[in-house]
Structure formats: C-alpha cells, structure tokens
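Protein chains in written order, with this note's numbering: chain A, 105 to 523; chain B, 105 to 523; chain C, 105 to 523; chain D, 105 to 523.
For reference, the structure is listed below as structure tokens.
4 protein chains.
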Amino acid sequence: MEIAQHNESLLAAHQRAFNYIAGETDQTEAILNKLAAFQVAIPSWALGTGGTRFGRFPAGGEPRNLEEKIEDIGLLHKLNQSSGAISLHIPWDIPSNPANIRALAAEHGIRFDAMNSNTFQDQPGQALSYKFGSLQHVNKAIRQQAIDHNIEVIKHGIELGSDSLTVWLSDGSCFPGQLNFRQAFQHTLEGLQEIYKALPDNWKVFVEYKAFEPNFYSTTVGDWGQSLLYAGKLGPKAYTLVDLGHHLPNANIEQIVALLLMEGKLGGFHFNDSKYGDDDLTVGSIKPYQLFLIFNELVEGMDARGMNHAKDLGWMIDASHNVKDPLEDLLQSVEAIMLTYAQALLVDRKKLAAAQLNNDVVTAQEVLQQAFRTDVRALVAEARLRAGGSLNPLGYFRAAKVRAQLIKKRGLKTVATGL
Amino acid sequence: MEIAQHNESLLAAHQRAFNYIAGETDQTEAILNKLAAFQVAIPSWALGTGGTRFGRFPAGGEPRNLEEKIEDIGLLHKLNQSSGAISLHIPWDIPSNPANIRALAAEHGIRFDAMNSNTFQDQPGQALSYKFGSLQHVNKAIRQQAIDHNIEVIKHGIELGSDSLTVWLSDGSCFPGQLNFRQAFQHTLEGLQEIYKALPDNWKVFVEYKAFEPNFYSTTVGDWGQSLLYAGKLGPKAYTLVDLGHHLPNANIEQIVALLLMEGKLGGFHFNDSKYGDDDLTVGSIKPYQLFLIFNELVEGMDARGMNHAKDLGWMIDASHNVKDPLEDLLQSVEAIMLTYAQALLVDRKKLAAAQLNNDVVTAQEVLQQAFRTDVRALVAEARLRAGGSLNPLGYFRAAKVRAQLIKKRGLKTVATGL
Amino acid sequence: MEIAQHNESLLAAHQRAFNYIAGETDQTEAILNKLAAFQVAIPSWALGTGGTRFGRFPAGGEPRNLEEKIEDIGLLHKLNQSSGAISLHIPWDIPSNPANIRALAAEHGIRFDAMNSNTFQDQPGQALSYKFGSLQHVNKAIRQQAIDHNIEVIKHGIELGSDSLTVWLSDGSCFPGQLNFRQAFQHTLEGLQEIYKALPDNWKVFVEYKAFEPNFYSTTVGDWGQSLLYAGKLGPKAYTLVDLGHHLPNANIEQIVALLLMEGKLGGFHFNDSKYGDDDLTVGSIKPYQLFLIFNELVEGMDARGMNHAKDLGWMIDASHNVKDPLEDLLQSVEAIMLTYAQALLVDRKKLAAAQLNNDVVTAQEVLQQAFRTDVRALVAEARLRAGGSLNPLGYFRAAKVRAQLIKKRGLKTVATGL
Amino acid sequence: MEIAQHNESLLAAHQRAFNYIAGETDQTEAILNKLAAFQVAIPSWALGTGGTRFGRFPAGGEPRNLEEKIEDIGLLHKLNQSSGAISLHIPWDIPSNPANIRALAAEHGIRFDAMNSNTFQDQPGQALSYKFGSLQHVNKAIRQQAIDHNIEVIKHGIELGSDSLTVWLSDGSCFPGQLNFRQAFQHTLEGLQEIYKALPDNWKVFVEYKAFEPNFYSTTVGDWGQSLLYAGKLGPKAYTLVDLGHHLPNANIEQIVALLLMEGKLGGFHFNDSKYGDDDLTVGSIKPYQLFLIFNELVEGMDARGMNHAKDLGWMIDASHNVKDPLEDLLQSVEAIMLTYAQALLVDRKKLAAAQLNNDVVTAQEVLQQAFRTDVRALVAEARLRAGGSLNPLGYFRAAKVRAQLIKKRGLKTVATGL
C-alpha cells in the first residue's frame, strides 16, 4: 500500500480539522514551516524491544545490524517526515564500511546526530572492567581505556558526518564510603578534558546527567548543577544534555532548561516520559503538560537568544520499549513531540509577557492553557502531508502490516543490540 | 453588564468551534446533558486568600460572613452553572439562622454539600486542646470533645439540608515514639464509631486520608488503605474521600480510585493540583493528564456500577489561593474539571476495551490520548450557554470588574475565615 | 583456619566490650537468648552477583547448583549462627532429588523457608508468555499456567519441608489505558484463590506488594492496602509480606507494619535497603534508624499479640549484590538485622508507654534514641560466640580467603541463577 | 539546683562509660578538644513554639524580646557548652540598644552568628508588598526595597559584631507561566550584587536555596546548582548555604556538600531533619545516618582544605517546634549534632582511603558503620563536663523545672516572634 493511497481515505476528515484550526490562528504557515524543519533523532538502540533487570519479552523482526536499523528509521521518517536523524551507539553500531553507511542513510534522508559512547558495560574481550566506574575510576589505566574509547567514538562519528558526542557516565557508587566524591569528580573532569581535546572544532560534547541507576547511592554526574560545573570547566564546546527521566521526584525540569539556556550551556535533549524513575516510557504518555512547559521554555529561550529551533540543540528520543512494538512506540513519541512543539509555538507570547509584568497569574496560566488545550493534530498532520508523509503514520504502519513483513524478512527471534 | 451581553461578543467564535467539534462526535447532546447535570461544590473556606506558614498576602473584598460566602458562590454558579453547591466548615460557618441561610442558598440555586468538622485547630474558648490529636488522643475527654464536635456538625448539616459529613483528621505524630500506632488507630476507630451512630440514615460519612502535614512523621488516617480499613469497620454509610494532594510522590491515584469504586467505598473527591505536596493549587494547573486519567476511571467505574455521575459521589474543590483572586481561581478550577470530564466522556470505551483484550497497548494509549487531545472547550461553553451561563466566565468576571465592586462593598481589609 | 582460632585473637577486645554493655542492662541473658533464636532466611538467588538492566559485573566462584547454594548458606550460618534458613526460587532451584537436598540442608542446620514462584519471566520452553502479566492476564490460559506454576511450587515446598509460599507478581501496566484495573484485580484474586485452595492446612501464603518496577505505570499488587485486600478476601492463611524497598518515596513503613500486625495480617519481611527505589542494597546501609523503628514496632506489636519473634513471622533478606561479594554482603546484612533487633529489645517499653500517655514527645524520642545509640555489637557477637560462631564473621571470611577457595573450586566464570 | 550538683548523681555511670570508650581509641583528647571548640548557633526564632498553616499550639514562657531570647540561649549554652552563638532575624530582632545587647550576649558567652533578612513576609506599615517576590520582582521599586532591607540588616549585624548575612529568598512562583525564569534569575542576581557591594570586607553572604515552599511551582534559588551559580557570579565573599530540609526527595546531600567544599563555596549549614519536605524536625530524629554521612564529608573535606572545623563554616539550627518545648528540642538537636560530629571524627580515614583505592566496598562501608555504631555519648558528655556544663542537659532542664519558672516569670500566653 502506498502512503498516498492511505492518506486519501483520511483526507476529508483531515481537511475539516485543518480548516478549522487554520482559521483560528494567523500563524498557520509559520508554524507549518517550523514543524517541517524540526527533526528528532532516533537512537539506534531504541529499535529493539527493551527490558528490565527482571526480564525481557522480545517481539520479532528486530533489526540485525546497522543497515537494518537505518532502514527502520528510514521507514519512520518516510511516514512522519520528522525522524530524519539517527543517534549511534558505539560499540553496538560500529560501521564496517562508513562510506556505505553514509550513503544508505542519505538515501533515506537521514543524518547522523550525536554519537554515544558506552563505558557502563564490559564488552567481550575488553581489557579492564568498568565495574567500579570508568572516567571516575581509581585506576588510571581504566580511566585511560574509557578516554580512548570516547576518542574512538569521535573518530567513528567524523567518518559518518556526525558533529557531537554524548557522554553518559553511569559512574557513581552503590554504598556510602565507596567513593571519595571529590576525587571521583576530579578524575572524571580530567578524563573529559582529554576527550574534549580530541573534539574537532565544529563538534560539541554533551555531558549527560542522571540522578540514580545503575548506581544507587551516588552518581558522579548526578544533576544539572554537576553537569554544568563540568561543562563550564571544559570550555565552549561542552554542553549539558537533559534527559527527562534523569531527575529526582518532582523536579522542575522546565526551570532547569530555562537556566541552562540562559547560561548558553544547554546542548540537547533525550525525550521520554516517566512516573517513578528513569522509566523510559513513550514521550508524552504520562506528563504531557510538563513536556509542553519544557517546550514553552525552549521556544521562548531559544528565540530570546536568536537560536534556530531545528539546528541549535540536539533533539533525541531515549526510551525503552518493553511492551510495545518499538517502531509504533517511536511513532507515538515523535507525534507527541511535534504536537507539543506546535502547542508551544501557539503560545501568545506578548500576552504572556504582559501578564507576567502585571503579576496577573490567572491570565499567565490561561495563556499557557489556551495553547495546550488547542487541538493541533491537524497542524502536525498537514505538515507531514505537505512533506510527503502520512496523515496517520501509526494507522499506515498497521494497515500496511509492516511488523509482519519485518518478521517475515528478519525472523522472529532477532535481537537488536541495546538495552 | 449582563452575561447575555458579554456572551454576544463571543458568540461567533464559539459557534465556529462548537460546530466543528459537534460535527466530529455523535454524542454531543448526551455529553452536554451530562455536563449540565454535573455540579462541583465550593468549600466555604476557599473564598478568601490562603496562605502558608510563612505568610499570607490578602487581596480584598473577601466575604465577611456566611451570607457573603453564599453570594460569592452564587455569582460563580451564575457564571458557570456548575457550582451549585457549597461545602461548609464548622465552626467557621455556623449559621445563626439556618432557615434564612437555606433560603438564601436556594435563591442562588445552591445546595449544601458535605459538612466539614474541624478538630485540627484550637478555637478560642475551647476547653481542651487538640495539640496532640483529637480522636486519637490518649485522653478520653479530648476524644469525647472531638466526637461531640462532629455530632454538632451533623446537627448543623441536618438543619441546612446537607446529607454528608467529611471527617479530615490531622491526627498523627511528628516524631518516632510519640504515638502507639495501634492505639491511635483504635481510639480513632472508636471515635468514628460514635460519630457514625449519630448519622441519619440517609447520610454518608467520608473518611479523608492524607500522607503528611501538619504532622510530619505519621498520620493516623494516612493513606487510602487506612481509610478503607476504617470505612469497612464502620459500616455501609462510611466511605473513603480522595483529595488529590494527599498522596506520597508518584502515587497512582487513578488506580486507587478504580479500586475504591470496585469495593463500593469511594465517597467523593477533593479536587486540587500539586507538584510537591499538598500544594492546593488550581485544579488542572500542573498535571491535567493525571486528572483526565482519574476521570477516565470514574466514568468507567461508575458506569460499570450503574452510578449517577452527578449524584452518587461528592465532588468538591479543596484548594488554597495564595497568589490569585480566589473567585477567579475557582472559575479556573471548575473549568478544568468540566473540560476533563468532557474528555473522559469522549473516550471510545468499546475500542479501549477491545485494545485491552488484545494487549494492544499502543491502541489503548491512542484511545485515551485521542480524547485528551480533543479540544472540548466549546462543548463545555455550550453547556454553560444553554443553562444561561457565561461563554467565558473569567472574561465576564474581569469585564464586569467584579472584584473591584466587592472591595468597594466589603472593604480592602476583610479576612474570610479559613486557611 | 578454624573459627575458634580466629576468635581467640579477638577475644580480649570482645570481652572488654561485652563486660561493659552487659553491666549496663539487666536483660543481657534474655536478649542473648532471643538473638540466638532469631534466624534470617537467605534467598537462593542472592548468592550470585546481581545486576541492573545496564549490565552485570560477575565476580567468581558463584554456586553452580542448589547443592552449592546450600553450602554457601551453610558457611554463612556456621559463621554467624543466624542464617539457618534458605528461601528457594522456582524454577531456578528445582531440586532433582528432594530427599538428598533436605539431608544436605539438615547437615548445615538449615531449614526451608518460604518458597518463591516466578511468573515475571518467560522460561525457555514455556508455552505462554507473561509479557502482559500472569494472574492478571486477559487470557485465561495464561492465568491458568501461572496458577499451575504456583501449585507446582507448593509441591516442591512440601517435599522439602517448607510451609509457606511467597507470591510476588510483577503484574501491572506500563501505560495508561493498558489495563482495566478492576478486571486485573479480579483476575488476580481468582488466581490467588485457586492457589490458596492448594495450600496445605499448615501453610501460609504471603502476598507481596511493590509500588513499581518492572511495570512503570501501575502494579496490580501495588501497596499494602491492596495486598491486605487480597489477603482479607483469601482467608486466614493469607498474609501480607513487606519488602522494605517496595514503597513510594517517604513512606512510613513502620506504621504499615504496626497496622498489619494489629490486623493479624503481617506475614513476613524482605529485608534490604534503598535510597531511590527498589535498590536492593545491603540491609542497614542507608537508613539504619528506619530499620530500627520497624523492629521497634515488630517487637512491641508481636509482644502485644503474644507472638514468638523467631517463629511467627517470615524473615528473609532480599537484596542484590552488584558491587560486593555476595557472601560478604549477606554477612553485613544479617549483622545489621541482628544489631537492630538487639537495639529494639533494649527499648525501655514502660518508659516509652508512660511518655506516650503524657504526650511527652521529648522523652519518647529519648527512649528510642537511647536504645539506638547503644553499642550492641558485643551483645550480638556474644550470642554468636556462645552458639559456636565467629566473633567477626566478615573478618574470618577474609582471613580464611573463602572467596579465593570458591573460585578455585568452582571457577571464575560461574553464574548463579537469579537476578 | 546547681549543675554540678545534678552532675554528681550521674558521675559514676558517666565515668564507667567514658572509661570504656576512652580505652578504645587513642584519639580521645583530640576529639574532646574538637568537641569543645564546636559551637552551634541558635536562631532567635526557634525559641518559641512553631506551627503550620493549619494551626499553632503555643506552650508558655516564651521569650518576649531579644533580651529574653539571649537569656534562653545563655541557659542552653550553660548546660551544653555548645550553643555559644545566636543567629538573629530582622525585623523580628532589631536591637534597640546594640551595645547593651552585645554586652548581655557576652555575659552569656554568646557571639553573633549570621544575620537573617526577611523579604518573604509583609511587615505592618511596609510600603510595598512581597506577594509576588522580592529580589525577583518585576517592579524595580520592590526590588530596591528588598535590597535596602538587606543592607539595613548588614548594618545591624555590624553593630552587634556579626560577620555574615544569610539571604533566604522565598521568591518563586505558584503556577506555570507566572514567572519568566530567566528574568527572575537576572533580577535576583542584580539585587544580590547590590547587597554584596554593601558587605564589609570581612563579611560573607550565604545564598540559601530551597526546593519548594512557600512557592509551589518554582523557586528562584531552588537548588544547590542555582545557588552556586549566584555565588560564583557574585564573588569570593558569596557562599552557598545548605539547609538539610530544602531538597527534593532522596537527594544525596552529602555529595552536594562534598562538591561545594571542593569548589570552595560551602558557607554553612542549617540543621534540622525531615521525612517529607521542609518538616523542620529535631536534628537527627529521622535520618541520623544521613547526618553522619554529611559530617563525614565535612570532616574529610574541611581537613583536605586545611579548614578549621569550628570557625570556617557557619553552623546553625533551623527547626520548628510544634509539639515540643522549644528549649528541650534545641538541647536534643545540639546533642544529635555533637554525637554525630564525634562519630565522624572517629572514622578511620586511612583505612577508608585504602578501601576506596582497592574498590573494597565492603570495607569502606564497615569503616563508616564502625564509627556510627560506636556509642560516643560519654565522649560528648565528658567534653561538656570539662567545660563546666551538664552531664545531662535535658535531665537538668527537667529536674530544675526550668519551663515552669519561665512561665511563672514571663506568663503562659507569651508569643515569641518567628514561625
């Protein structure tokens, strides 16, 4: 089945909805253009079934190699026209032939977003173990191994045309006394400085933070304050990366985002949703209003600094798919992001600023809620339609029986690398 | 300015929005009828400026007595046609002439919802102190005083035509060792049994629970499990009352609601919103999707038991208004409740049930999100319009300069009783 | 090296400490007797290195089969004389020859504590998948498979001389809409009822609850209130099991324990410690005072009901050992439990009760703190010494190079079954 | 009754305990000297009964003016010899005659610790309201009023001999949209810069942070990361102040402390304890091990920088006394601090460092637990005894019927200024 054909059956209802919403705002075209430009990177490890320490229940048809991962993302992008980037994970995705991989990605309209290093697991044949950390480790040889790995990742990224490195360290401790916090910080900083030196001039490095897990007492890059300390000491190419699930309960993430933007140190995002911890659920499935408030700060803060929404921050999904088809889940996540971005673009900024100046809390709340309560599904669908995508990506995915085809082609028992 | 006059200026836009949404569902009339029937009680203590232990910043024009409180709610109800009930607090609102008060309320179309007792504060002239609890107290005389007070509250309620009593106990402890938990439970149970005996046959008693505050180590009715234990031991007229802000971080309130409905022991609700604790913020201002999920369970669970949405549970707002005009805040809260109720009514229950039967998690999520993403503002506005209310209650309140008039009439320094 | 020999070098210092503390209380002998009687079961899955979804860093010398697991626990028990029980997990520990296993355990002075079923993972060759739950499942055949498995576990337990079954269900949902909460509860209840029927008369079934993980939106036995509902509907042989890590942030676990005891429905404990979630850290390593407060309620509540501390509740460790030698960790956990139990026995209950009666919060706190601040290490060591154990189990374990021997015997790459 | 007389009856038991513990360490004298030097400031507002937004239950005999507050602290200091400092709050404690107040304090051996400003409440007659914040306010005149107030506080402090200013701002917002986070930060920074300019050369300013309350959506100095940002931009006289109750659930405060020390930006402490939020409970009453871990970092980190434990950080209690006699509660709090400090001094730092170097997590935990499990009450008592204080301050306070005397002298209905 062709996308166009599937669209046809949906067109009348879409047109009704679009006409209504387009008639209610004079910014329709501007918003459609911004939506079209906005691309969310898909992490290579999110294409397979995820799991927990208690178990994993794989589906089937998972990509067996990097080429198939790119094909999967190519399909997502063909449907939603908003997934034109991939974020690779080394060593899970070392390209045997970078030129071929670049060509394949280009065919699918996909660019290479941030590269991800892995010093939180031991790989078969690895000389030294990360059991007690990597860059923080008391053993210099292990720190060096972790530094070398990150530099290796940069090299792979250069070959593929990426221009950023995300460093997520699980380093930390499980018990009081295990770590000298200060020394762990200093070791980590020194390691990051070595990695920073290996960055090409046009590259950025993102220092990701996380409150807890897999270490359950302390984490050495544990919150935005720590990440910002590292990024500040590293230099202008270093930024903080915000993963929505990496906070303590009740944290005001949107305020963190606003302050990082203010400091010129926000680098990018890992989108997901959560109720308890780093649950890695589908974006927007638990706290959609929080996501809206974050986008509201992003739009306001990036505009205030003259930043390009689509290019000046790294946007990436980082979720785990334990009970859903990973591709369907990713379609839902991207949809949630685009809807929320559209709502944030609809916020009446002048009215909001005026309300803030008058301490008119009621009106300030109304302005945000008016945008959030607006049904923008037709705007996002129209942007997709104009770009050649599907009016209903999930509907198409089901109607075209994509998963069944993938299982037929790749088998039922395939296991994609990743979590 | 008349409401009708104000509506006129908004009518064209409303009609456009309503026509669109009415065209998208075949349940419009059914939903409008349910919305019209749904009334949210306003607590008498929410009409004045709230505060925290750090301070209070009163506005002005607050109601100086019960009559003025009823007038305020009358105004809200005139505007939104959804606030036709008042929940009184004794001793703050003891009516000097119940018959007159009843007549005044009737004039405004307001009935008397649950009565609230107060054994968490000492009143001037009170014989014995509640410093160390009321129904849980080690001193029998103090327990009796609290029992007597609750029975007194029932009597006031009977005179006014109420038919339920809400018992919120702040009883608990601030330090380990302070309390024998078992004894505190038994004392509280015995007290509630005495109060239960004084309930008229057609009355209900709601046992409210709260995780913490004002006691900071333990609370003697601390969670739904404890409340249900009490309610079960008391008998068929006793129910659990759920206040949205009275839970530990990350609690799944919608599941609690579903289980209480299953047990036939859900009595009613205190609506508010919160980010950290019992913040008592405007309903729907922080976690609107959680509110939707709760209403989704309410609609499903009440329908499954053949319950009447409008009559078989107690619906009440319980919020504090520290930085907003209390009346404006209440209008926002009621609006959020009505919108969420409308969205819950829109859920495609057949499709949801089918998805659940197939473990089609993706579709189940879609069904809920489709309803939540629908812009139902015009439905709620239409229900108000048909009932003679305002298309935009908040807009009218501002345009008619209601607060200025109240200040002029009542003064700037008035202080309503309550928190 | 013999234990006695190792003890000799520690005897002088021990005697000094013991003499001092024994001189300060007239209950020394009574406490020593209670300590000697108190045995903590070791779960069979805790003898290997644990891990997280991000990775696992095995040590070496892990037990390769049930026989070796019993040997490991035998060693622990020989050292601390307080680990004379094992809690098995089916299917990880199905005994090929129950009689031999019983004899081996008896040799080591070990009895069989609660049996644990597993319906949270799919085993190789399993007919139907637990991906979407087990007892809660919409598919009757899957529910039946889970019921049958539990009955099978009971049979294994009977053969070994166990007399209780712990049912931990990971059943729940990851996304709003996935589950009909009410139906999930009913299915689960029906399944438990079938299992209950298969219980021998002298058996108990423990219904364990958990707030979240591996499901991240709802859990079908999610808190003590739900567990108590199930246990109440099941009958007198059903009890609630409390795992310290299975609560929402800030929960008052000691109050829950007191109320469950009051209701006669507390069945047993899974000990561990945590800072963030179900971190499964060494008992007493993060919040030792909370553990003390729990034991304080246990001692008080069990005494009030005339219960036998050692026999009338199930005591078990449930921790994961990601960065420590599992046997060393277990020695630390048992030590923490024994110390805390000793402190709870030291509480001056008359003085506490009098303070509570007087609302003398300061003295009540003092009474608890006096006990907690007392150094009881020599009491616990003396109890071990008298029973023939080691004055310093951890010191002996290191001095005798136990782990090196186990690695030599079993190999470096062994992997114990479990988490 | 004289202190010496009361001590006499306790001396034999004390001597036994002290002899035992003194025999177990060779650092006894060094520790006693450090304990003697360590002084904890009492905040002037903690001498009266606290309360919550729900109510307040005053005791009696509360100090009616600054002179009586100093007398109360003088009494505490006489008993425990560790409370030789007072932290004043302006405007609650404006001295009418600074010279007299200084002389009175000197008589009691009390110095003036950090001064506290108050821009979180409106005072009678105040020109402009802080309802919507102070230094963050959109209105420049209100910001200036707050700046002027802080400069006024510095002036009072200079007159009294204080050398530091604590700025706690409740500034923030209750609802999304209310605040432009960036602008609020900038305004606050500019205000702090003005205040900073007014600081004498030998003064410090402490920027206190708090996660939430009284604002329930955002706080403008909300966490240590934000406080450090302000302190860094202000200059070398600006530091971060850590209040134990001002964090999100599960925060690792000891790691924060270690990092702030590393950055040379830790200024001081507000001690209290809590289970849920900013509960302001007695120090050490809920999580004594966390307090120990914090002191462990303080001792290690201050030693590493060559800092003087007693002088180089500000130590202050900040608690609320809702159900206890405030003076008794303060005695318990100071005792908990001194015991914990003594335990932290007992930590075997060489062994800990060696364990850390070997990733010997088990031993690292043992080292900390050995210190924490040691009964150091006799050490702290001995330090008090040598300094002329009471062996049992709380016992003396009760035996001498201090509260009854204060009520007799000051009356039952007095209300101390403060929370």
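Ideal Cβ placement from N, Cα and C applies to all residues, glycine included.
Contacts between A:THR478 and chain B, judged by CB atoms closer than 8 Å, involve ASP479 in chain order. Contacts with chain C at 7 Å (Cβ-Cβ) do not include A:PRO392. Residue C:LEU180 holds the alpha-carbon nearest to the alpha-carbon of C:LEU434 among C:GLN185, C:ASN204, C:LEU180. Less than 7 Å separates the beta-carbon of D:GLU358 from that of D:ILE398. In the pairwise beta carbon analysis, the region 174-192 of chain C is classified as not touching the region 233-249 of chain C: fewer than three pairs are separated by under 8 Å.
Bounds of the alpha helix (DSSP H) holding A:HIS118 are 107-128. Annotation: C:ALA459 to D:HIS350 spans about 31 Å, alpha carbon to alpha carbon.
Only those residues of the region 162-196 of chain A whose C-beta falls short of 8 Å from the nearest C-beta of chain C would be listed, and there are none. Here B:GLY281 really is in contact with C:VAL471; their C-beta atoms are around 6 Å apart, less than 8 Å. Following the DSSP letters along the chain, one finds B:LEU183 inside the alpha helix (DSSP H) bounded by residues 170-184.
The C-alpha of B:PRO195 lies about 53 Å from the C-alpha of C:PHE224. Taking all protein chains in view, the Cβ of B:GLN447 is crowded by 16 or more other Cβ atoms within 10 Å, so the residue is classified as buried.
Checking the DSSP bridge columns, you'll see D:PRO147 partnered with D:SER191. DSSP lists B:ARG160 as the bridge partner or partners of B:GLY155. Within the DSSP bridge table, the entry for C:THR344 names C:VAL311, C:LEU370 as partners.
Among the residues of the region 416-438 of chain D, those with a Cβ less than 8 Å away from any Cβ of chain C are VAL427, LYS428, ASP429, GLU432, ASP433, GLN436, in the order of the chain. A contact is defined here as three or more CB-CB pairs under 8 Å, and the region 308-321 of chain D fails this definition with respect to the region 301-321 of chain A.
Only buried fits A:PRO497, as 16 or more other CB atoms lie within 10 angstroms of its CB. Chain-order list of chain D residues neighbouring A:ARG286: ALA362, LEU363, LEU365, MET366, GLY405, ALA408, by C-beta distance under 8 Å. Here the alpha carbon of B:GLU439 sits roughly 20 Å from the alpha carbon of A:PHE396. Listed along chain A, the residues sitting closer than 9 Å to C:PRO318 by beta-carbon distance are GLY155, THR156, ARG157, PHE158, GLY159, ASN426.
Between D:VAL144 and chain C, the shortest Cβ-Cβ separation is not below 7 Å.
Counting along the chain, C:VAL471 sits inside the alpha helix (DSSP H) bounded by residues 465-477. Contact note: B:PHE224 reaches chain D through PHE158, GLY159, using a C-beta cutoff of 7 Å and chain order. In the three-state reduction of the DSSP assignment, A:GLY405 falls in the helix class.
Residues of the region 348-360 of chain C with a C-beta less than 7 Å from any C-beta of chain B: LEU352, PRO353, ASN354, ALA355, ASN356, GLN359, listed in chain order. If you draw a straight line from the Cα of B:PRO162 to the Cα of A:THR153, it is about 55 Å long. If you draw a straight line from the Cα of D:VAL311 to the Cα of D:LEU296, it is about 9 Å long. Contacts with chain C at 7 Å (Cβ-Cβ) include D:LYS379. Per DSSP, the unbroken beta strand (DSSP E) holding B:SER268 starts and ends at 268-272. Using a CB distance cut-off of 7 Å, C:LEU472 counts as an interface residue toward chain B.
Remark: three or more beta-carbon pairs, one from each stretch, lie closer than 8 Å, so the region 321-337 of chain B and the region 260-280 of chain B are flagged as touching. Residue pairing from DSSP places A:ASN220 in a beta bridge opposite A:HIS193, A:THR270.
Under DSSP, no beta-bridge partner is assigned to A:ARG206. C:TRP419 is bridged by DSSP to C:PHE373. When beta bridges are read from the DSSP output, B:LEU385 appears opposite B:ASP377.
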